[in-house]
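When you line the sequence shown up against this note's numbering, it's residues 8 to 336, in that order.
Structure record follows, encoded as structure tokens.
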Amino acid sequence: MRMPRQHIRLFLKLLHQVDAQRISNNPYCIQYFNQIKTHGAYYLSIYHRVLETVIERCNRQPDDIRLIDYGCGNGVLGLFAKYCGFKNVVLADVDADFVHAARNLAQQMNLAVDVIPGSMDELQHYPADALVATDVIEHIYHLPSFFKKVQQLNSEMVTVFTTASNPWNPLMVKKLMALQWKDENVGNPGGGLSGSPHPPYRVMREDIIQQYLTNPAGVQAMVKATRGLMRQDILKAIDTFKLNQTLPNPAPDNNTCHPETGSWTERIYTPQELEVAFAAGGFSCNFKSGFYNGFDGGVKSVLKKGLNLLISIFGKRIAPWILITGFKK
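Okay, here's the thing in structure tokens:
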């Protein structure tokens, strides 16, 4: 089943009528929204692809599909789904500022959706046929647990994700590993679209560990070994270390997460790791290539259109992002 592409043009026209200053007073929310609006044809083409995948996998018309936009941010994907005729749409995010922005944007665009603060635990009372998320799966702390909760909500749930953490593309992997190294060892001053400021994750873990271990060598060994763990699991690792001097294994490669929130820095999963995570909820998954932004005009767009042609030959190895679809085994 195909979804009319004219929805992109018509929804983009509505989006350009929105005053970003009226949806939020948070600079990050405003910048994020303006980024989507400025490159609207590209982002809505991605969302169109996501929603078409949902329709094909559910094998139903949009007006018979209940949808969750998980980690919705400003909610543009979910609002686009509602505009395209999806039956019920729920926007969910753990960030209170984004929840507020999504609610305001829905009101401005006169689209009736539910906006929920929280994660999978808060969604258990909102039945759905499909869950979509863009640039989210690479931040979820423990994916197998996430998919077990998806299964509890609906064992036949269709899930569709997009992520720039494409393990097949060596250039993208190199770029993301540099970001991971920076978060781990340098920190983030904040500003722009880089997110909230934070110290180096290594230093944050050290501050936690020093409260429970006094030997400098033991502290540094634990700091290194707990890369990729959040506070609750760091404390468990410390207890185990005190009992038998056993250290955990750090996350593979450069992968690292915020010790307080558990949010990964663009976690790069292998296909096998993703398959195992989906399987924990009784799901299978497949992977498809994304595409470059050839919509903005100018020389860069011409080059990116050329790259999109090459994707048809080289596939995920040169794709800027991948689309991951989950479905019942």
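Where is the CB? At the ideal position from N, CA and C, for every residue including glycine.
None of these values were measured; they are calculated from a predicted model.
Residue range of the beta strand (DSSP E) that includes residue i
i: Ser291; result: Phe290 to Ser296
i: Leu330; result: Ile329 to Lys335
i: Arg64; result: No beta strand (DSSP E) contains Arg64, which is instead part of the alpha helix (DSSP H) from Gly47 to Cys65.
Residue nearest to residue i in terms of C-alpha spacing, selected from the options
i: Val61; options: Leu220, Gly289, His23 and Ala135; result: Ala135
i: Val143; options: Ser270, Ala326, Lys311 and Thr277; result: Ser270
i: Asp246; options: Arg234, Ile216 and Leu281; result: Ile216
i: Gln159; options: Pro204, Gly288, Leu310 and Ala244; result: Gly288
i: Asp100; options: Asp71, His146 and Ser319; result: His146
i: Ala140; options: Asn300, Arg56 and Gly235; result: Arg56
i: Ala326; options: Lys311, Phe154 and Tyr90; result: Lys311
i: Gln131; options: Gly85, Arg110 and Phe153; result: Phe153
i: Asn66; options: Thr272, Ser319, Ile15 and Glu163; result: Glu163
i: Pro266; options: Leu281, Gly82 and Leu236; result: Leu236
i: Pro279; options: Leu178, Pro151 and Trp328; result: Residue identity differs from the one stated: residue 279 is Gln in this sequence, not Pro. Nearest of Leu178, Pro151 and Trp328 to Gln279, Cα basis: Pro151.
i: Arg9; options: Leu58, Ser201 and Gly322; result: Leu58
i: Ile321; options: Thr268, Pro177 and Tyr276; result: The sequence given here places Phe at residue 321; Ile does not occur at that position. Checking every option, the nearest Cα to that of Phe321 belongs to Pro177.
i: Gln68; options: Cys91, Tyr54, Ala48 and Asn81; result: Cys91
i: Trp175; options: Ile37, Arg324 and Lys20; result: Arg324
Other residues of its chain near residue i: CB distance less than 6 Å, five sequence neighbours each side excluded
i: Ala232; result: Leu254, Pro255 and Pro257
i: Arg12; result: none
i: Asn261; result: Met184, Gln187 and Trp188
i: Asn293; result: Thr332
i: Ile43; result: Tyr50 and Val83
i: Asp214; result: none
i: Lys156; result: Met127
Start and end residues, alpha helix (DSSP H) containing residue i
i: Phe285; result: Pro278 to Ala286
i: Leu74; result: Unbroken run through Leu74 is the beta strand (DSSP E), Arg73 to Tyr77; no alpha helix (DSSP H).
i: Lys311; result: Gly305 to Phe321
Residues of its chain near residue i, where Cβ-Cβ distance is below 8 Å and the 5 sequence neighbours each way are ignored
i: Gln115; result: Val25, Asp26, Arg29 and Ile30
i: Asp121; result: Asn95, Val96, Val97, Leu98 and Tyr133
i: Phe248; result: Leu220, Gly225, Met229 and Leu254
Beta-carbon proximity list for residue i, same chain, < 7 Å, skipping 5 on both sides
i: Ser203; result: Gly197
i: Arg209; result: Glu191, Asn192 and Val230
i: Glu63; result: Met8
i: Gly301; result: Ser308, Lys311, Lys312 and Asn315
i: Val106; result: Asp100, Val122 and Pro124
Which runs of the beta strand (DSSP E) spanning at least 3 residues fall entirely within the segment 203-255, listed in chain order? Entirely contained in the segment 203-255, not one beta strand (DSSP E) run reaches 3 residues.
Any 3 or more C-beta pairs closer than 8 Å across the segment 122-136 and the segment 72-86: Cβ pair count under 8 Å is three or more, so yes.
Let me know the beta strand (DSSP E) ranges lying completely inside the segment 90-117, each 3 residues or longer, listed in chain order. Listed in chain order, the complete beta strand (DSSP E) runs (minimum 3 residues) inside the segment 90-117 are 95-100.
Which parts of the segment 120-185 are runs of the alpha helix (DSSP H), unbroken and 4 residues or longer, counting only runs that do not cross its ends? Correct list: 150-160.
Alpha helix (DSSP H) runs wholly inside the segment 10-39, at least 4 long, in chain order: Listed in chain order, the complete alpha helix (DSSP H) runs (minimum 4 residues) inside the segment 10-39 are 13-22.
Does the structure place the segment 302-311 close enough to the segment 182-189 that three or more beta carbon pairs sit under 8 Å? No, because fewer than three Cβ pairs between the segment 182-189 and the segment 302-311 fall closer than 8 Å, the two stretches do not touch.
Does the segment 189-202 come within contact of the segment 168-177, defined as at least 3 CB pairs closer than 8 Å? Contact between the segment 189-202 and the segment 168-177 is absent, because fewer than three Cβ pairs lie under 8 Å.
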